[in-house]
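A.B. asks:
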Amino acid sequence: MYIPEEIKEVKFSEKEISDRVKQLGAALTEEYRGRNPVFICILKGACVFFSDLIRAVECPIEIGFISASSYEGTKSSGKVDISFQGKLDITNRDVVLIEDIVDTARTLPEVIKAFKALSPKSIKTVCLLDKPSKRVTDFKADLVGFKTEDYFLVGYGLDCDQKFRNLPYIGIYNG
Ligand code: IMP
Ligand code: MG
């Protein structure tokens, strides 16, 4: 297995991630059957999780992409930049926002605010990882893959300065 020297420990293995993604997909299948929701991938971090998760959902969905960023290196900058990618009409649609990780919880409330302005029918949030120890807002995701301690995590889409997104597991960064 490819483990770069900057990775201190594998925190969530490919198998653990894939089992949990299947459970999340099954929960979403139950919830959205017959509703044709739009799943939104929050780039770049959620790209790997998103592509696995949508294939674990067994009912019709549509997909869309936005980018949101607040991190510089291993610290949150506190400022969130959001941009919509391509055409996205979500008026009166059920929207499911897919995010990689909630840390201070500044990003998702800002993304929700931007989507609310577009008059969707509903908005739910799914996060693969939740690091509750550094919260600055009282945001809670509707579905969470794993709760974790305050490590800086990389892999499975998560980066440190744009690196390590391609690791198939989630590891603790030793920087
Ligand atoms: P928040 O606004 O502090 O909740 O930041 C969430 C965003 O910060 C996520 O979408 C990630 O892009 C990034 N982030 C937070 N913690 C980590 C981490 O441990 N590894 C990689 N990115 C992280
Ligand atoms: Mg992100």
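Under the working numbering, the final residue of the sequence shown carries the number 201; numbering is consecutive throughout. Every residue, glycine too, gets a C-beta built ideally from N, C-alpha and C. In this text, all values refer to a predicted model and were calculated from it rather than measured experimentally.
Could you tell me if the beta carbon of Thr55 falls within a distance shorter than 7 angstroms of some heavy atom in ligand 1?
C.D. replies: Incorrect: Thr55 has no Cβ contact closer than 7 angstroms to ligand 1.
A.B. asks: Taking 8 angstroms as the threshold, find out whether the region 52-66 comes into contact with the region 160-167 through three or more Cβ pairs.
C.D. replies: The region 52-66, when compared against the region 160-167, does not touch it at the 8 angstroms Cβ threshold.
A.B. asks: Roughly how many angstroms lie between the CA atoms of Ile29 and Thr117, to the nearest whole one?
C.D. replies: So the two alpha carbons sit approximately 44 angstroms from each other.
A.B. asks: Just to confirm before moving on: does the CB-CB distance between Asp120 and Ser145 stay below 8 angstroms?
C.D. replies: No, these two residues do not count as a Cβ contact at 8 angstroms.
A.B. asks: Going by beta carbon distance, what residues of the same chain come within less than 7 angstroms of Arg61, once the five residues before and after it are set aside?
C.D. replies: If we look at Arg61 and ignore the five residues flanking it on each side, its Cβ neighbours are Asp120.
A.B. asks: Exposed or buried, which one is Lys157 when buried takes at least 16 other CB atoms within 10 Å?
C.D. replies: Per the 10 Å Cβ criterion, buried.
A.B. asks: According to DSSP, simplified to helix, strand and coil, what is Gln111?
C.D. replies: Strand.
A.B. asks: Look at the alpha carbon of Phe165 and the alpha carbon of Phe178, and state the distance between them as a whole number of angstroms.
C.D. replies: Taking the straight line joining both Cα atoms gives about 20 angstroms.
A.B. asks: What does the alpha-carbon distance come out to for the pair Asp176 and Ala140?
C.D. replies: Whole-angstrom Cα-Cα distance: 28 angstroms.
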